[in-house]
Each structure stands twice: as C-alpha cells, then as structure tokens.
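Let me begin by presenting the structure, written as structure tokens, before commenting on it.
Residue numbers (the numbering used here): 10 to 130.
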C-alpha cells in the first residue's frame, strides 16, 4: 500500500513539474504579416522537413515566397524575428527584404530545418 501511495505521489509531482515548465516556455513566436501583394523574386518550397532551396540570393527590395505543401505543419521564423509565418501545411508566406544582409531562419517545431536568404546589393 505504501509503495502504491509513493508511486502515485511521484506521478502527481512529475505531472505538476511538466505543467509548470510548459507554462514558463516561450511559446510560439508572434507572426509577422505576409507581404501577399509583393511579387516574389524566388519561391522556396516547404515540405518533408526541408526548405528547397535552403539558400537563396536576392537584391534589396525583392521578396521571397515560401510555399507550404505536404502533411506536416511548418513555419518560417527568422533568427532576428523580422519575418515569422504562421504554422501551416498549405498556402504561402511572402516577405520583402528591404536591407542587405544574411537572414537565417528555421522552422520553430523542426529546428533542424534551416534556411538563409542572402540580400546583396
């Protein structure tokens, strides 16, 4: 009886700890609205846990469109949070890059998915 009571108390403490840690997490990043009216210079396909192509180069003022296809949810999250899409399985997200630089991004739920946009003069 005492062993069963100890296991029950340990299970409750474990569940409580998980709930507490989950509540303290950063959560999903706040989406940045898509620049849907912009004509993309390049399109990146998002599917099967990859960005294709994972590396693109554009000029300042040009846009990249990400096209989501496949059964799994993904998003596009810039390391500096300058562009952040919703989690989605289909549809598109477009971002206009006004300044030169290298913009790394990942999928927030599949951090092994990585991409970069090189914006060069």
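In this text, a Cβ means the ideal position worked out from N, Cα and C, and glycines have one as well.
Nothing here was measured: the structure is a model prediction, and the numbers come from that model.
{"Query": "Please name the residue or residues paired with residue 49 in a DSSP beta bridge.", "Result": "72"}
{"Query": "Could you check which residue in 80, 127 and 105 has the C-alpha nearest to that of residue 113?", "Result": "127"}
{"Query": "Beta-carbon within less than 6 Å of residue 71's beta-carbon, same chain only, minus the 5 sequence neighbours each way: which residues are those?", "Result": "50"}
{"Query": "From residue 110 to residue 89, what does the alpha carbon distance come to, in whole angstroms?", "Result": "12 Å"}
{"Query": "Rounded to the nearest angstrom, what separates residue 91 and residue 85 at their Cα positions?", "Result": "11 Å"}
{"Query": "Quick check on DSSP: helix, strand or coil for residue 105?", "Result": "strand"}
{"Query": "If distances are taken between C-alpha atoms only, which option among 39, 38 and 47 comes closest to residue 103?", "Result": "47"}
{"Query": "Starting from residue 64, trace the beta strand (DSSP E) both ways and give me its first and last residue.", "Result": "64-67"}
{"Query": "Starting from the C-beta of residue 130, find all residues in its chain whose C-beta is less than 6 Å away, skip the five residues before and the five after it, and write them out in chain order.", "Result": "109"}
{"Query": "Can you give me the Cβ contacts of residue 63 inside the same chain, cut-off strictly under 6 Å, excluding the 5 residues immediately before and after it?", "Result": "124"}
{"Query": "Using DSSP with H/G/I as helix, E/B as strand and the rest coil, what is residue 115?", "Result": "strand"}
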